[in-house]
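Reading through the structure tokens given below for one structure.
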Amino acid sequence: FKGEKGVRNKITVAGREMHFGEGFLEVEGELIHSMLAADGKLFVVTKAGKISCFGTGSNQPIKHKIPKVSLAKIQKQNPFAKLDQTHGYALLLGAGDDLELIGSLLSETNFRVIVVDPRPEKVRELRDGRWTSAATGEQLSIVEDDPTTVILPPYFAELILIGNSTSFEPAQLKQVYESLRPFGGKLMARLNQELPDDLDLEGAKKFQTESGWTIITREGALSGSANYEGNWEESWDKRVRGPLGVLWFDDSLSHFKRSPQPKFIDGVMISTPKDWTDETTRTGKVDYRLLAPVFSDVYTGRILSDNEAPSLRKSFSNIDLETVQPSQYRPPRQKDDWKPKAPQAGTRTNPMTLESEPRVFPKSYGCDGGVDYGLLYTMRSGTPAFYDKQIESGTINISGPRSGCTNSIIPANGLLNLPYFYEGCTCSYPLPMAVALVSMPPEFEQWASWGELPIEKTRGKIQVIGINLGAPGDRVTEDGTIWLDQPEVGGPSPEIDFVTVPPLAELETFYHHSLFHEGGKSWPWVAGSGVKGLQSAILGGLKPGSYNVRLIFCEPDGSEKLPVFSVGVNGDQIIGELNVVEKAGGVRRGYVLEATSVSIGEEGILRIDLGPKTGKTVLSGINLRRSNQ
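Letter 50 of the sequence shown, counting from 1, is numbered 1206 in this note's numbering, and no numbers are missing.
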């Protein structure tokens, strides 16, 4: 697509171009942030957040003033006066009737305050009050939900308060504690509120204040996590394991694409962007000077204020701002800055044959050849990507953002960190931003491209395999099973001897994301896809022996005549009439049919036969494991 100057600052409505800079009626042009035409009206939003709605007619405009609550009048005491941290996010679970507490949070701290309350009338009252922070000018955020069961992100809150109308069971409080930031986040409750005694909270230190509060502090790092101090050293962070999901994303802190690697220490990212706007310093092997270091919170992306993290500032603020820096920052093993060799990081056990082999995996374009951090290998493979060595995951791409020419995909502090290393790049990546990823439960959907492997390498040797019919990619699970997409659509996969009747290309496939799966048995990302109308499936290349075979079924929609069919394995019928919906308990629910001690002879072939009785047969996956493996 060709860029067009000024396209960001105009809209076209009914053939008329409206430029923000020209203003509209009484709204001055330099103040306009955006315009939107809808419902026969024009909405104009200013950079200060004022919204104006213009329509037909000559009536006098209706003006809505934002009322402000006088916080000083309702505040009697400040329970937060002695907190060592009053920046970041504060979460109040249950507003109760304590306006004084909310007033103290907004008037005496710098927190961005979020209230969770289940009562619609209380939520409406708080929203109508337009409560605003005295320090930041931000309005109070209110979520209408049950504070004991609300689902919140982990690690984000510097302070969590339990409202005077809320009580928690031990399991609920433990879940709330997971939202508390490591390295000093605090949970507060009044002394007259009974907290469960039998809590096993990682890093928790409990004490009471003279002002009548119980405070639980989450001290230290997340167990198994690690700091990263740069210099391409290994980061043995055991908490960063696939699958990974988004914890936060943000674009407020940007870096030139060839800036030095950041450091991640005790929950703080310390980064030194390059001053890439000074073109006069660029001469090839060197380019730009460094800017002053920036300190930001790894768990929210928030840029820290000048008085936060004083010890880290003392240790890492002495930066050379005068010397023009090297153009490239590369690990010693990468000899070619622009055309790195394919990654190879030691040896692995092949998940299908269980034989030792070199650890190689797919990598697309990108001048970052990758870094082996010990448990994770990360690289730019078109988009940011990683390979989890703990399970031999294959290459998992993080689509959308761009990582740096300097490797900027770093496991540390319990997260996979991708700071915003995009500035100065002309590539058309759709999401110019930073993102932090956190480990998710194994049911979470995430796909990989495991890489090419000629069929000669595995013929007669396969002992463990999963066939994931209709899936978008490959996947390796903690038990060592590699699930291969058939047909192959998600990138290069090992070549296997797998044929179906009718052929795969003629079968109807289905797929729905695992988030929309409605339970049952098996992995939701296996049952969530499949084929309809299959009569036979034949898998070759197996090592002779006795196998446990698991077949995964799912009826995806129930829109047609519900399937009932027989199932045979290597010529033996194991069920005469399988009603998938009945066995699974409904549509979009997985059902597993298992056959044990299935003999695979010298020919190394497994054959599955489905005989339709009513409707079309369905099959989502085939999983087999040689006995004692």
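Ideal Cβ positions, reconstructed from N, Cα and C, are used throughout, including at glycine.
It should be emphasised that the depicted structure is a prediction, and the values quoted were computed from it without experimental measurement.
Unbroken alpha helix (DSSP H) run spanning residue i, endpoints
{"i": "Lys1739", "result": "1736-1740"}
{"i": "Arg1283", "result": "1276-1285"}
{"i": "Trp1404", "result": "Looking at the DSSP string, Trp1404 is not in any alpha helix (DSSP H); the run it does join, the beta strand (DSSP E), is 1400-1406."}
{"i": "Pro1326", "result": "1326-1333"}
{"i": "Ile1258", "result": "1255-1264"}
Buried versus exposed call for residue i [16 or more other C-beta atoms within 10 Å across all chains shown]
{"i": "Ala1170", "result": "exposed"}
{"i": "Ser1702", "result": "exposed"}
{"i": "Arg1706", "result": "buried"}
{"i": "Tyr1521", "result": "exposed"}
{"i": "Thr1322", "result": "buried"}
{"i": "Lys1229", "result": "Because the pLDDT of Lys1229 is 47, which lies under 50, any placement of that residue in the model is unreliable, and the number read from its coordinates should be weighed accordingly. It is exposed - the Cβ of Lys1229 has fewer than 16 other Cβ atoms within 10 Å."}
{"i": "Lys1342", "result": "buried"}
{"i": "Phe1672", "result": "exposed"}
{"i": "Phe1363", "result": "exposed"}
{"i": "Ala1661", "result": "exposed"}
{"i": "Asp1544", "result": "buried"}
{"i": "Ile1787", "result": "Here the chain covers residues 1157 to 1785 and nothing more, so residue 1787 does not appear."}
{"i": "Asp1443", "result": "buried"}
{"i": "Glu1513", "result": "exposed"}
{"i": "Lys1441", "result": "exposed"}
{"i": "Pro1659", "result": "exposed"}
{"i": "Gln1216", "result": "exposed"}
Rounded separation between residue i and residue j - CA only
{"i": "Asn1779", "j": "Ile1623", "result": "6 Å"}
{"i": "Lys1739", "j": "Glu1711", "result": "11 Å"}
{"i": "Ile1652", "j": "Ala1627", "result": "16 Å"}
{"i": "Leu1640", "j": "Ala1541", "result": "19 Å"}
{"i": "Lys1491", "j": "Gln1484", "result": "11 Å"}
{"i": "Phe1405", "j": "Met1589", "result": "7 Å"}
{"i": "Lys1278", "j": "Ala1251", "result": "8 Å"}
{"i": "Gln1417", "j": "Gly1368", "result": "45 Å"}
{"i": "Pro1650", "j": "Ser1379", "result": "36 Å"}
{"i": "Glu1478", "j": "His1669", "result": "52 Å"}
{"i": "Lys1158", "j": "Ser1584", "result": "In this prediction, Lys1158 scores a pLDDT of 47, lower than 50, which makes its location untrustworthy; no coordinate-derived value is stated."}
{"i": "Glu1733", "j": "Phe1721", "result": "5 Å"}
{"i": "Gln1500", "j": "Gly1525", "result": "10 Å"}
{"i": "Arg1486", "j": "Pro1648", "result": "27 Å"}
{"i": "Asp1407", "j": "Thr1168", "result": "27 Å"}
{"i": "Ser1678", "j": "Arg1744", "result": "12 Å"}
{"i": "Pro1557", "j": "Arg1414", "result": "16 Å"}
{"i": "Asn1383", "j": "Ala1568", "result": "5 Å"}
{"i": "Leu1446", "j": "Pro1643", "result": "49 Å"}
{"i": "Ser1753", "j": "Asn1784", "result": "11 Å"}
{"i": "Thr1304", "j": "Leu1257", "result": "19 Å"}
{"i": "Gly1771", "j": "Val1655", "result": "23 Å"}
{"i": "Ala1498", "j": "Pro1518", "result": "8 Å"}
{"i": "Lys1197", "j": "Lys1203", "result": "20 Å"}
{"i": "Val1396", "j": "Pro1598", "result": "13 Å"}
{"i": "Gly1760", "j": "Phe1709", "result": "24 Å"}
{"i": "Glu1634", "j": "Ala1194", "result": "50 Å"}
{"i": "Asp1354", "j": "Pro1326", "result": "7 Å"}
{"i": "His1243", "j": "Tyr1747", "result": "49 Å"}
{"i": "Pro1276", "j": "Asp1301", "result": "9 Å"}
{"i": "Gln1328", "j": "Leu1663", "result": "47 Å"}
Supposed close pair residue i, residue j - CB separation, criterion 8 Å
{"i": "Thr1373", "j": "Gly1340", "result": "6 Å"}
{"i": "Thr1509", "j": "Lys1617", "result": "4 Å"}
{"i": "Ala1360", "j": "Ser1335", "result": "Actually they do not touch by this definition, with Cβ atoms about 14 Å apart."}
{"i": "Val1424", "j": "Asp1453", "result": "7 Å"}
{"i": "Val1306", "j": "Val1272", "result": "5 Å"}
{"i": "Arg1782", "j": "Val1620", "result": "7 Å"}
{"i": "Pro1496", "j": "Cys1523", "result": "7 Å"}
{"i": "Leu1690", "j": "Leu1749", "result": "Going by Cβ atoms, the distance from Leu1690 to Leu1749 rounds to 14 Å, so no, they are not a contact pair."}
Start and end residues, beta strand (DSSP E) containing residue i
{"i": "Ser1595", "result": "1590-1595"}
{"i": "Ile1708", "result": "1701-1709"}
{"i": "Gly1686", "result": "1685-1688"}
{"i": "Pro1540", "result": "1539-1544"}
{"i": "Ala1166", "result": "In the sequence as displayed, the identity of residue 1166 is Lys instead of Ala. Counting along the chain, the beta strand (DSSP E) containing Lys1166 begins and ends at 1166-1169."}
{"i": "Arg1268", "result": "1268-1273"}
{"i": "Arg1374", "result": "1369-1374"}
{"i": "Ser1722", "result": "1720-1725"}
Item to complete: Flag this pair as touching only if the region 1719-1727 and the region 1760-1770 have three or more C-beta atom pairs under 8 Å; answer yes or no.
Response: yes
Discussion item. Whether or not the region 1387-1404 and the region 1522-1533 are in contact is what I'm after, with contact meaning three or more pairs of Cβ atoms, one per stretch, closer than 8 Å; do they touch?
Written reply: yes
Worksheet item: Would the region 1291-1305 and the region 1432-1444 be scored as touching if the rule is three or more Cβ pairs under 8 Å?
Response: no
Worksheet item: Is there contact here, the region 1683-1691 with the region 1604-1620, by at least three beta-carbon pairs under 8 Å?
Response: no
Discussion item. Does the structure place the region 1205-1213 close enough to the region 1412-1428 that three or more beta carbon pairs sit under 8 Å?
Written reply: no
Worksheet item: Would you call the region 1564-1583 and the region 1458-1477 in contact, with 3 or more CB pairs under 8 Å?
Response: no
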